[in-house]
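Since the structure comes first, as structure tokens, the remarks are kept for the end.
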Amino acid sequence: ALPLLPAYDRLGHTREDFPNAWQASQEILSLPLYPELPEAGVERICQSIARFYS
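Here our numbering is used: the first residue of the sequence shown is 2, the next is one more, and so on.
Here you go:
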């Protein structure tokens with residue numbers, strides 16, 4: 002859940018403040034995606050996912 006990331010610790014939020022976001026964060030897979038992600042990074046991510054499911 003975005004509000005619970007370390008960058009936002011100073012705000013003092015708890016998972017009870019954002020129950021839906023907390024629940025979703027426990028059920029989804031967040032992938033590192035951004036425009037500058039190099040091709041090697043994409044390959045590493047894909048290989049990691051493939052290894053997990055094999």
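Even glycine gets a Cβ: it sits at the ideal position worked out from N, Cα and C.
Keep in mind the model is a prediction, meaning the values are calculated, not measured.
For Ile-50, the enclosing alpha helix (DSSP H) has its first and last residue at 40-54.
Taking the CA atoms as reference points, Asp-10 sits about 30 Å from Val-43.
Where Pro-7 is concerned, there is no enclosing alpha helix (DSSP H), because DSSP gives it neither an H nor an E. Each of Pro-33, Arg-52, Ile-46, Ala-2 was checked against the Cα of Asn-21, and the nearest Cα belongs to Ala-2.
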